[in-house]
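Here the sequence shown is numbered in the numbering used here, starting from 3 and rising by one per residue. Using N, Cα and C, we set each Cβ at its ideal position, and we do this for glycine too.
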Amino acid sequence: MTVAHETTAAPGDTKPARGSGITAPAPKRGKHSFRVLIPWLFLAPALLLFLYFKFIPMAEGIRLSLYKVQPFLGDIFIGMDNYTAVFDDTAFQEAAYHTVILAFGQTFGAMIVGFFLALLLEGQAKSLWFVRSAVFLPVVAATAVVGEIWRVLYFPDPNGFLNEVLSWVGAGPSTFLDHPDTALTSVMMVGIWKHAPYDMVLILAGLAGIDREQYEAAAIDGTNVFQRLWYVTLPALRPVITILLTLAAIRGLRVFTEVYVLTGGGPAGATSVWMTTVFSRGFEKNDIGVASAASVMLFLVTFLLTVVVQVWRRSRESR
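Written out as structure tokens, the structure reads:
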């Protein structure tokens with residue numbers, strides 16, 4: 003005779019016995035849905051701020067770019083005329099040229115200075131944290147404050163700070179910001195000084211990921227320092243360099259604060275960039291429609307630049 007043995011469940015054990023035909027209860031759908039919503043509840047305040055202060059103004063700017071804006075009189079739809087006016091305006095043409103020159107100089111100048119700073123400050127020594135923090139200070143300083151400080155340093159009088167320093171080596175005095183031939187270069191130097199430490203931090207992160215055995219193998223093969231930098235360090239830093247190029251190019255095309263504080267676009271328009279021209283057209287000449295169209299064009303250029311760089315990076319990585 004066969005005796006069936008029953009399995010007794012321990013107290014508090016809700017697991018059903020095998021073969022009993024009882025299935026475990028499914029998790030409550032409402033509780034699972036609430037767990038999915040928790041991250042969005044934390045993100046909601048930031049998303050609302052972005053919506054109200056960024057995305058809604060962006061949509062309004064796109065709308066205004068299609069209208070002749072007349073406060074208190076009613077806006078008139080004119081289609082693409084504002085964009086045509088931007089292309090035909092010599093002020094915007096000169097500003098575009100200055101913007102490209104400034105973005106190119108600041109991008110590669112900051113990357114080169116940041117690369118050499120990273121090489122100098124690379125290492126595991128505990129004392130380096132203080133030097134790195136001191137070098138990084140220009141990045142966290144307000145751009146308006148940086149511009150005011152450098153405006154004082156650039157004082158064109160022979161007794162100005164930088165002119166006094168130049169006199170020690172038998173050079174100068176220079177007019178710096180007060181002459182059309184030197185103003186744009188002077189503004190570029192301020193941008194390089196401010197942004198190079200940011201590039202340094204990213205390059206330091208890239209250097210930390212390079213296998214030291216590659217340097218040892220290259221040294222055994224008889225390579226010198228410059229050959230190791232060219233054939234080992236730079237190829238390993240290619241992803242970091244791509245990111246830096248993207249961020250720096252966008253930052254350079256949108257430059258405004260340092261130019262506005264240092265020169266306001268002068269002298270004689272020698273440092274006028276795209277954003278200072280947009281500011282002047284919108285808030286000084288009260289031509290909101292053309293200023294909005296120029297802002298939309300800048301957004302499209304930076305967006306297209308980002309897409310091109312990312313596609314190029316992915317194509318290089320897939321090889």
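- Note on geometry: alpha-carbon atoms of residue 150 and residue 264 lie some 7 Å from one another.
- Distance from the Cα of residue 246 is smallest, within the candidate group 286, 311, 292, 191, for 311.
- Contact annotation: the segment 265-279 touches the segment 186-195, with at least three C-beta pairs closer than 8 Å.
- Pairing residue 291 with residue 66 gives a Cβ-Cβ distance under 9 Å.
- By the criterion of a C-beta distance shorter than 6 Å, residue 165 is surrounded in its chain by 174, 175, once the five residues flanking it on both sides are discounted.
- In this structure, residue 86 lies away from residue 251, with their beta-carbon atoms at least 9 Å apart.
- For residue 185, the closest of 56, 306, 274 by C-alpha to C-alpha distance is 274.
- The Cβ atoms of residue 272 and residue 183 sit closer than 9 Å to each other.
- In this structure, the beta-carbon distance from residue 284 to residue 241 does not fall below 9 Å.
- Look at the beta carbons and you see the segment 55-73 not touching the segment 213-232: under three pairs across the two are nearer than 8 Å.
- Between residue 280 and residue 293, the C-beta gap is smaller than 9 Å, which places the two residues in contact.
- In this structure, DSSP gives residue 74 a state outside helix and strand, which the three-state scheme calls coil.
- For residue 273, no alpha helix (DSSP H) run applies, since DSSP gives it neither H nor E.
- Residues of the same chain with a CB within less than 8 Å of the CB of residue 230, apart from the 5 flanking positions on each side, are 217, 220, 221 in chain order.
- If you draw a straight line from the Cα of residue 42 to the Cα of residue 60, it comes to about 23 Å.
- Take residue 269, set aside five residues on each side of it, and the residues of its chain with a beta-carbon closer than 8 Å to its own are 179, 180, 181, 182, 185, in chain order.
- Closest in C-alpha terms to residue 124, from the list 227, 206, 159, 249, comes 206.
- Residue pairing from DSSP places residue 79 in a beta bridge opposite 69.
- For residue 307, the closest alpha carbon among the candidates 287, 248, 315 is that of 248.
- Take the alpha-carbon of residue 316 and the one of residue 139: they are about 33 Å apart.
- For residue 174, there is no enclosing alpha helix (DSSP H), as DSSP marks it with neither H nor E.
- With contacts defined by Cβ atoms closer than 9 Å, residue 300 and residue 236 do not form a contacting pair.
- Counting other Cβ atoms within 10 Å of its Cβ, residue 226 stays below 16 and is therefore classed as exposed.
- Judged by DSSP secondary structure, residue 212 falls outside any alpha helix (DSSP H); it is assigned neither H nor E.
- Non-local beta-carbon contacts of residue 169 in its own chain, meaning distances under 8 Å to residues more than five positions away in sequence, involve 160, 175 in chain order.
- Straight across, the Cα-Cα distance linking residue 141 with residue 156 is about 20 Å.
- DSSP places residue 130 in the uninterrupted alpha helix (DSSP H) bounded by 130-142.
- Beyond the five residues adjoining it in sequence on each side, residue 202 comes within less than 6 Å, by CB distance, of 116, 119, 120 in the same chain, given in chain order.
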